[in-house]
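And the structure:
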């Protein structure tokens, strides 16, 4: 039922508007409201996500991304910030800040996870944004780059270092509400794909927040400076558990491209018969079908493990994200090839799916980093047999 609800929403509400938002690069506020009314994203009602299994976010992500990955990301764009707050915040912090980023059919409220910096992409330990204790406050200075909802979010979850010499150990995580003095919007980026999702830099210029806004910490912690915060590592650990959902977005794109190419191949007639009957095309479609189904199984396995608190012994979250995004890139390019010259034209959506798919090999940890994570996990396993 949930899958059908998400699919119907994608078919009736998202797909008809996908090309508009791709062209105009606008945030789809109306669709975020409609989605929140059903229970997608961070919804005030709790909605579909409140009483269902860990598989549900991945199932919903696939269906919405089948409609349009950019719009799907916009609807669920507060998820990382919410995950960081939920995983590491105190009960009081969770109650306060999760409510601040929950939307409904009347209002949109957004969260932003502010991690990446100009000099700290894959290397999170190189974060340059600083947090300096000053009495009962922290003063934040630095710049964040490529932030989803950056500058327009109601709540920014900001990673900053209290002591660079401690690397990971010096990192802390802070909540910075919209309107805080010193919180500024930087460059708004024009992107290759996922254009309905807002991406901008965030500048922190002597941005002062109460010490109680430090996730996982209390006002008394860190008074000596450089203590770091338990919230930072915990928030970063949520990334591994959210990677199946990232894989599900890529899966939705790949599936959309495969289905479109298959339908086209059945209808396109050359040399007196549909091109699907040509072995060169049918083998491509067979490979696409196998890849899509394989990616779904990997995503669902990792999502189930995360929800059941089963340890990722082989970095299954990274496996799901990496495999599904590589699949989406290959399947979308192959879909263009099946359509031939038509696939290169903007009259068909397959060229958009190619542009949308690429980012999933890059953000939430590049696929090269995912392979490093997987390799290290395999290295640490005991000898087999």
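In our numbering, the protein residues as written are 20 to 404.
From the three backbone atoms N, C-alpha and C, an ideal C-beta is built for every residue, glycine too.
Legend entry - Other residues of its chain near residue 186: CB distance less than 6 Å, five sequence neighbours each side excluded: Cβ within range, chain order: 144.
Legend entry - Extent of the continuous beta strand (DSSP E) to which residue 36 belongs: Unbroken run through residue 36 is the alpha helix (DSSP H), 34-43; no beta strand (DSSP E).
Legend entry - Per-residue DSSP class, three states only, for residue 399: In the structure shown, the three-state DSSP call for residue 399 is coil.
Inset, instruction - Measure from the alpha carbon of residue 226 to the alpha carbon of each residue in 89, 56 and 177, then state which is nearest. - result: When each option's Cα is compared against that of residue 226, the closest is 177.
Legend entry - Cutoff 7 Å; reference residue 128; Cβ partners in own chain excluding five residues on either side: Result list for residue 128: 119, 120, 121, 122 and 173, in chain order.
Legend entry - Validate contact between the region 191-200 and the region 98-116 using beta carbons, cut 8 Å, 3 pairs: In short, these stretches touch, since the Cβ pair count reaches three.
Legend entry - Span of the alpha helix (DSSP H) around residue 306: 298-326 is the span of the alpha helix (DSSP H), which, as asked, contains residue 306.
Inset, instruction - Report yes if the CB atom of residue 263 is closer than 7 Å to the CB atom of residue 321, and no otherwise. - result: One thing to note: residue 263 has its Cβ within 7 Å of the Cβ of residue 321.
Legend entry - Candidates 336, 319 and 346: closest to residue 309 by CA position: Sorting 336, 319 and 346 by C-alpha distance to the C-alpha of residue 309 places 346 at the top.
Inset, instruction - Would you tell me roughly how many angstroms separate the C-alpha atoms of residue 287 and residue 366, rounded to the nearest one? - result: Going by the C-alpha atoms only, they are around 16 Å apart.
Legend entry - Straight-line Cα distance separating residue 52 from residue 419: Summary: the structure shown does not reach residue 419, with the chain confined to residues 20 through 404, and so no result is reported for it.
Legend entry - residue 285, buried or exposed, once every other Cβ within 10 Å from all chains shown has been counted against 16: Here residue 285 is exposed: its Cβ has fewer than 16 other Cβ atoms, across all protein chains shown, within 10 Å.
Inset, instruction - Go ahead and pull the three-state DSSP assignment for residue 270. - result: Helix at residue 270.
Legend entry - Cβ pair count under 8 Å reaching 3, the region 313-328 against the region 285-305: Two segments are said to touch when three or more pairs of C-beta atoms, one from each, lie closer than 8 Å; by this definition the region 313-328 does not touch the region 285-305.
Legend entry - Same chain only: Cβ atoms within 7 Å of residue 32, ignoring 5 sequence neighbours per side: Cβ neighbours of residue 32 within its own chain (closer than 7 Å, five residues either side excluded): 50 and 53.
Inset, instruction - Tell me where the alpha helix (DSSP H) around residue 111 begins and ends. - result: First-last of the alpha helix (DSSP H) with residue 111: 110-119.
Inset, instruction - Kindly examine the ligand NAD and report whether one of its heavy atoms sits closer than 6 Å to the Cβ of residue 258. - result: The model depicted lacks the ligand NAD and carries no ligand whatsoever.
Legend entry - For residue 224, the three-state DSSP class (helix, strand or coil): The answer is strand: DSSP assigns residue 224 an E or B state.
Inset, instruction - Compute the beta-carbon to beta-carbon distance between residue 147 and residue 138, rounded to the nearest angstrom, for a pair I have assumed lies under 8 Å. - result: Indeed they touch by this definition, with Cβ atoms about 6 Å apart.
Legend entry - Alpha-carbon to alpha-carbon, residue 56 and residue 388: The alpha-carbon atoms of residue 388 and residue 56 are separated by roughly 37 Å.
Inset, instruction - Could you say if the region 259-275 and the region 150-167 meet the contact criterion of at least three C-beta pairs nearer than 8 Å? - result: The region 259-275 is not in contact with the region 150-167.
Inset, instruction - Helix, strand or coil for residue 386, going by three-state DSSP, please let me know. - result: Here residue 386 carries a helix assignment [DSSP, helix/strand/coil].
Inset, instruction - Give the straight-line distance between the Cα atoms of residue 180 and residue 136, rounded to the nearest whole angstrom. - result: Approximately 12 Å between the Cα atoms of the pair.
Legend entry - Straight-line Cα distance separating residue 343 from residue 399: Annotation: residue 399 to residue 343 spans about 24 Å, alpha carbon to alpha carbon.
Legend entry - Classification of residue 223 by the beta-carbon crowding that lies within 10 angstroms, buried from 16 upward: Per the 10 Å Cβ criterion, buried.
Inset, instruction - Select from 34, 45 and 59 the residue whose C-alpha is nearest the C-alpha of residue 24. - result: Ranking the options by Cα distance to residue 24, first place goes to 59.
Inset, instruction - Report the rounded CA-to-CA distance for residue 317 versus residue 360, giving the unit in angstroms. - result: Taken atom to atom, the span from the alpha-carbon of residue 317 to that of residue 360 is near 33 Å.
Inset, instruction - Tell me whether residue 52 sits in a helix, a strand or coil according to DSSP, three-state version. - result: Here residue 52 sits in helix by DSSP.
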